[in-house]
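As structure tokens, the structure follows; a few thoughts come after it.
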Amino acid sequence: MKLFSSVNDVQDVNALVAEAIKLKQDPFAFQHLGKNKIISLVFMNPSLRTRMSTQKAALNLGMNALVLNIDKEGWALELRDNVIMNGTTVEHIREAAAVMGEYSDIIGLRSFPGLKDREEDYSEAIFNKFVEFCKVPVVSLESATRHPLQSLADLVTITELKKKERPKVVLTWAPHIKPLPQAVPNSFAEWMCKADVDFVITHPDGYALSEEFTSGATITTNQDEALKDADFVYVKNWSAYEPYGAISNGNEDWMLTNAKLDAIAPEAKVMHCLPVRRDLELSSEILDGPKSIVVHEAGNRVWAAQAVLKQMLEAL
Ligand code: CP
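Heads up, the sequence shown is in this note's numbering, so the first residue is 659 and it goes up one at a time.
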């Protein structure tokens with residue numbers, strides 16, 4: 659594997675999930691693959707889980723990891739082409755990516771969307787530019803429209819914990835106070851549409867995701883109907899795709915509570931990619947209770963990253 663930016667870069671999704679679960683049993687079995695190899699983890703935005711789990715995955719594989727918070731520790735980057743750099747930016751992404759490629763065998767990049775210009779964000783202009791100029795394999799640590807390492811960890815978690823061959827998985831919109839990207843729900847939808855699950859998406863009016871990611875899913879604005887008899891409920895806020903980046907008030911009752919789940923989906927396990935705002939996006943009683951598998955899910959970020967990096971090392 660030379661690029662991991664979406665589920666479309668994976669030859670065999672089931673095999674990758676199985677690989678992650680196997681690595682969990684024997685984390686250090688492939689240390690020879692990463693010996694004397696460098697992964698650079700480049701963050702244009704904050705992170706806890708992605709940073710630590712990918713670094714741990716790399717160390718498990720015998721690699722050395724360089725972590726750069728380029729938004730805080732690097733030169734101010736110019737991301738646009740054909741501009742005279744007489745403003746605040748100091749270094750162009752063309753040189754920066756190329757130089758980081760000189761120091762790295764694999765690069766991970768996190769670059770969030772601006773949520774102002776949908777065409778620009780959905781073209782993945784920054785991520786693609788980085789891939790083009792760094793000239794080494796690249797793993798997405800969350801881009802403008804997708805978060806594939808998160809989605810792989812989510813599928814690993816569902817595969818491990820499911821009690822029936824084809825579980826019902828529901829992605830439900832949740833309230834928030836600020837506009838968030840669509841990357842996590844887009845990506846989760848894209849992976850679930852390729853998985854052996856009954857997949858339902860529910861959101862209030864005005865929050866439909868791009869059809870590019872949801873083909874094959876059942877989509878409804880009736881949350882109760884969607885949640886009925888769910889085995890897994892994936893909670894996430896996102897801002898509108900149309901009008902792009904918009905949010906609206908008045909959907910506070912979309913936050914999951916024990917009472918709501920007990921009545922409709924008593925067996926459901928609750929997932930969230932984290933970080934989560936308690937009692938705004940998801941109730942504390944769920945997070946602190948037996949329905950929540952959010953920490954288990956975050957733990958699986960290591961094995962997801964390790965499975966991807968292993969395939970990249972094997973292809974070097
Ligand atoms: N879920 C996730 O990507 O967490 P971080 O933003 O903390 O990396």
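Idealized CB from N, CA, C, for every residue including glycine.
Query raised in the report: How is the beta strand (DSSP E) around Phe785 delimited, first residue to last?
Result: Premise fails: Phe785 lies in the alpha helix (DSSP H), Ala783 to Cys792, not in any beta strand (DSSP E).
Requested in this report: Compute the distance between the beta-carbons of Ala805 and Leu938, then report whether it is under 8 Å.
Outcome: Note that residue 805 is His in the sequence shown here, rather than Ala. No; because the gap between Cβ atoms is not below 8 Å, this pair is not in contact.
Requested in this report: Counting only the same chain and skipping the five closest in sequence on each side, list residues whose C-beta sits under 8 Å from that of Met913.
Outcome: Ala832, Pro833, Asp937, Leu938, Glu939, Leu940 and Ser941
Requested in this report: Alpha carbon to alpha carbon, how far is Phe688 from Ala904? Give it in angstroms, no decimals.
Outcome: 46 Å
Report task. Would you please state the rounded distance, in angstroms, between the beta carbons of Leu967 and Ala723? I believe it to be under 8 Å. Result -> Between Ala723 and Leu967 the Cβ distance is about 10 Å, and since that is not below 8 Å, they are no contact.
Requested in this report: Starting from the Cα of Arg738, find the closest Cα among Asn907, Pro685, Phe788 and Trp896 and give me that residue.
Outcome: Phe788
Query raised in the report: In the DSSP assignment, what are the bridge partners of Ser941?
Result: DSSP lists no partner for Ser941.
Query raised in the report: Across which residues does DSSP place Lys894 in a beta bridge pair?
Result: Trp831
Query - Beta-carbon spacing of Ser705, Arg768 below 8 Å - result: yes
**Report entry** Beta bridge counterpart(s) of Phe857 as assigned by DSSP
**Finding:** Val827
Query raised in the report: In whole angstroms, what is the alpha-carbon distance linking Gln840 and Asp684?
Result: 34 Å
Query raised in the report: Which of helix, strand or coil does DSSP assign to Val842?
Result: helix
Query raised in the report: Do Asp889 and Val953 have their C-beta atoms within less than 8 Å of each other?
Result: no
Query - Own chain residues within Cβ distance below 6 Å of Gln969, not counting five before or after - result: Met659
Query raised in the report: If you draw a straight line from the C-alpha of Glu823 to the C-alpha of Asp854, how long is it?
Result: 8 Å
Query raised in the report: Any heavy atom of ligand 1 closer than 7 Å to the CB of Ala868?
Result: One point to set straight first is that residue 868 is Ser, not Ala, in the sequence displayed. No.
Requested in this report: Would you list the one or two residues that DSSP bridges to Phe662?
Outcome: Val797
**Report entry** Expected contact under 8 Å - CB spacing of Gln611 and Ser845 to nearest Å
**Finding:** Because residue 611 is not part of the residues shown, which for the chain are 659 to 974, the question remains open.
Requested in this report: Starting from the C-beta of Val960, find all residues in its chain whose C-beta is less than 6 Å away, skip the five residues before and the five after it, and write them out in chain order.
Outcome: Ser711, Lys714 and Ala715
Query - Option in Val842, Ala811 and Lys695 with minimal Cα separation from Phe770 - result: Val842
Query raised in the report: In terms of alpha-carbon separation, which member of Val675, Pro924 and Glu731 lies closest to Glu749?
Result: Glu731
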